[in-house]
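Asks:
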Amino acid sequence: MRILLTGGAGYIGSHTLLQLLQQQHELCVIDNFSNAAPEALSRVARLSNRHFEHHDATILDSGRLDEIFDSFQPEAVIHFAGLKAVGESDLKPLSYYEENVFGTIQLLKAMDRAKCRRIVFSSSATVYGTPHYLPYNEAHPLAPINPYGRTKYFIEEILKDWAKTDAEKAVMLLRYFNPVGAHPSGAIGEDPMGVPNNLMPFIAQVAIGRRPVLNVFGNDYDTPDGTGVRDYIHVDDLARGHAAALDYITHHTGVEAVNLGAGKGVSVLEMVKAFEQASGVSIPLHFAPRRPGDLPQFWADATKAKTLFNWEVEKSLVEMCADVWRWQSQNPHGYGDET
Ligand code: UFG
77 MRILLTGGAG YIGSHTLLQL LQQQHELCVI DNFSNAAPEA LSRVARLSNR
127 HFEHHDATIL DSGRLDEIFD SFQPEAVIHF AGLKAVGESD LKPLSYYEEN
177 VFGTIQLLKA MDRAKCRRIV FSSSATVYGT PHYLPYNEAH PLAPINPYGR
227 TKYFIEEILK DWAKTDAEKA VMLLRYFNPV GAHPSGAIGE DPMGVPNNLM
277 PFIAQVAIGR RPVLNVFGND YDTPDGTGVR DYIHVDDLAR GHAAALDYIT
327 HHTGVEAVNL GAGKGVSVLE MVKAFEQASG VSIPLHFAPR RPGDLPQFWA
377 DATKAKTLFN WEVEKSLVEM CADVWRWQSQ NPHGYGDET
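Counting with my numbering, you get residues 77 to 415 for the letters of the sequence shown.
In structure tokens, the structure reads:
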């Protein structure tokens, strides 16, 4: 298939790009590199030994989108591009609505003009909000609790309406849980700009000596060890999930929302222990107050992905940690090392 990836140089985008190249699809990447490095694309090209088209462009630029759609003629789009920092979204909500929601509208208009009717969208478990029950299944009410989460929710609703305009349209809303890990080669991985917001890259930067100590945000939650519990999923499992979802929407029309998670909860302290085991490095901890806006715990009911397109996670917590450590130790400063 001819597949266009928006945000294809980012963390999840680059791993999915590699997966799809290995499956012999034709790929085209659009990325504005606001939170990604061109070096990621060079490394994917080297790992896959395949050529693919890429453009330094924003999805807000409808003229550029038309040019790219006209020349590449994609049969499907996987839409990763977007801003993704929860805390920043409280401070700059309009930037989030503009990039994420308006950007998606521009993309869908370009798809309509090019008669491209299939899209896989990077949504998030954050659309569920405070749990009414756990694990979250796809029927759980949607009530996101921050602007970032609301952009994902609004985009899902827009995509549902968009799908109704043509019986041949096919939309897959993939609700990711907590992606971690890196490609086992150590050549591509997560390279956050500035201080990492997320647990795993923070642990990795402590392990490599870039940060002195891990702040554990809260140890008084009503969870088995008092720390926050999440459903961590290896980014390569997530990438395979996109390939499976894409295959599904080539054979089915309409809209589906599907959780991509491991289906089990892991605490902050369990994650630190697994990382120490995988890396042989000990991680100094400091117990800090709860981070505002954090939920105590959540994890996925991942059975729908298995039923619909026969996907489930394959990689363990120790593999996630070992792969992050390989990436971080081979690239102490991320993609910055080779520039
Ligand atoms: N945590 C720490 N110290 C840190 C960073 C995180 O203790 O330095 C804790 C958090 O308090 C939480 C857990 O580690 O208990 C996981 O936090 P992350 O920031 O890694 O992940 P979140 O679950 O907060 O957020 C992630 C994504 C969001 C997404 C959300 C739900 O970053 O984009 O999952 O899918 F919306």
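Heads up, the beta-carbon is just placed ideally off N, CA and C, and yes, glycines get one too. Nothing here was measured: the structure is a model prediction, and the numbers come from that model.
(1) Using 10 angstroms around the beta-carbon of S198, count the other beta-carbons present and answer buried if the total reaches 16, otherwise exposed.
(2) If G294 and D399 are in contact, beta carbons under 8 Å, what's the gap, nearest whole angstrom?
(3) For P211, collect the residues of the same chain with a Cβ closer than 6 Å to its Cβ; drop the 5 residues on either side in sequence, then sort them by chain order.
(4) Could you check whether the Cβ of K160 sits closer than 7 Å to any heavy atom belonging to the ligand UFG?
(5) As a quick exercise: from T180, L345 and K240, pick the residue whose alpha carbon is nearest that of L361.
(6) Alpha carbon to alpha carbon, how far is G262 from F178?
(7) Can S200 be considered in contact with the ligand UFG, in the sense that its beta carbon sits closer than 7 Å to one or more heavy atoms?
(8) Quick check: the Cα distance between E390 and A258, rounded to an integer number of angstroms?
(9) Could you check whether the Cβ of D301 sits closer than 7 Å to any heavy atom belonging to the ligand UFG?
(10) A152 CB to nearest chain C CB: under 8 Å?
(11) Does the stretch 269-282 touch the stretch 237-244, meaning 3 or more C-beta pairs lie closer than 8 Å?
(12) Verify whether the separation of the beta carbon atoms of V162 and N254 is less than 8 Å.
(13) For F278, count the other beta carbons within 10 Å of its own beta carbon; 16 or more makes it buried, fewer makes it exposed. Which is it?
(14) Using the DSSP secondary-structure output, state which residues sit across from R78 in a beta bridge.
(15) Going by DSSP in three states, Y173 sits in which element: helix, strand or coil?
(16) Which residue's Cα is closest to the Cα of P260: G84, M77, H91 and V203?
(17) Quick one: residues in its chain with C-beta nearer than 7 Å to the C-beta of K340, no 5 flanking neighbours on either side, listed in chain order?
(18) Return the chain-ordered list of same chain residues with a C-beta closer than 7 Å to the C-beta of V203, the five sequence neighbours on each side being excluded.
(19) Tell me which residues share the same chain as V420 and place their Cβ nearer than 6 Å to its Cβ, disregarding the 5 neighbours each side in the sequence.
(20) Is R287 near the ligand UFG, going by C-beta to nearest heavy atom under 7 Å?
(21) From the DSSP output, which residues share a beta bridge with Q406?
(22) Roughly how many angstroms separate the alpha carbons of E115 and Y411, rounded to a whole number?
(23) Is the separation between the beta-carbon of V105 and that of H130 shorter than 8 Å?
Replies: In short:
(1) As a position in the sequence shown, residue 198 is number 122, starting the count at 1. Buried: at least 16 other Cβ atoms inside 10 Å.
(2) Taking the sequence shown and counting its residues from 1, one reaches residue 294 at position 218. Taking the sequence shown and counting its residues from 1, one reaches residue 399 at position 323. Not quite, the Cβ-Cβ distance comes to about 27 Å (not below 8 Å), so this is no contact.
(3) Working through the sequence shown from its first residue, we reach residue 211 at position 135. Cβ within range, chain order: W375, A376 and D377.
(4) If you number the sequence shown from 1, residue 160 lands on position 84. Under cutoff, so the answer is yes.
(5) Taking the sequence shown and counting its residues from 1, the one referred to as residue 361 is at position 285. Of the listed residues, the one whose Cα sits closest to L361 is L345.
(6) As a first step, residue 262 must be located in the sequence shown, where it is residue number 186. As a first step, residue 178 must be located in the sequence shown, where it is residue number 102. Each residue's Cα considered, the two are about 35 Å apart.
(7) Within the sequence shown, the letter at position 124 stands for residue 200. For the ligand UFG, at least one heavy atom lies less than 7 Å from the Cβ of S200.
(8) Working through the sequence shown from its first residue, we reach residue 390 at position 314. Working through the sequence shown from its first residue, we reach residue 258 at position 182. Distance between the alpha carbons of E390 and A258 is about 14 Å.
(9) The count along the sequence shown starts at 1 and reaches residue 301 at position 225. No - the ligand UFG has no heavy atom lying nearer than 7 Å to the Cβ of D301.
(10) The question asks about chain C, but that chain is absent: this structure has only one protein chain.
(11) no
(12) Locating residue 162 in the sequence shown gives position 86, counting from the first residue. Locating residue 254 in the sequence shown gives position 178, counting from the first residue. Against a cut-off of 8 Å, the Cβ pair of N254 and V162 comes out as no contact.
(13) On the sequence shown, position 202 is the one that residue 278 refers to. Label assigned to F278: buried.
(14) Here residue 78 corresponds to residue number 2 of the sequence shown, with the count starting at 1. Answer is E102.
(15) As a position in the sequence shown, residue 173 is number 97, starting the count at 1. Helix.
(16) For this step, residue 260 is matched to residue 184 along the sequence shown. P260 has its Cα closest to that of H91, out of G84, M77, H91 and V203.
(17) Against the sequence shown, residue 340 aligns to sequence position 264. Only D307 and W375 meet the Cβ criterion.
(18) Start at 1 with the first residue of the sequence shown, and residue 203 comes out as number 127. The residues are L218, P220, G225, K228, Y229, E232 and R251.
(19) The structure shown has nothing for residue 420, since the chain only spans 77 to 415.
(20) Within the sequence shown, residue 287 is the residue found at index 211, counting from 1. Outside the cutoff, so no.
(21) Your numbering for residue 406 matches position 330 in the sequence shown. Answer by DSSP bridge pairing: none, since Q406 is not bridged.
(22) Translated into the one-based positions of the sequence shown, residue 115 becomes position 39. Translated into the one-based positions of the sequence shown, residue 411 becomes position 335. Roughly 6 Å separates the two Cα atoms.
(23) For the purposes of this step, residue 105 is taken as the residue at position 29 of the sequence shown. For the purposes of this step, residue 130 is taken as the residue at position 54 of the sequence shown. Yes, the pair counts as a contact, with Cβ atoms nearer than the cut-off.
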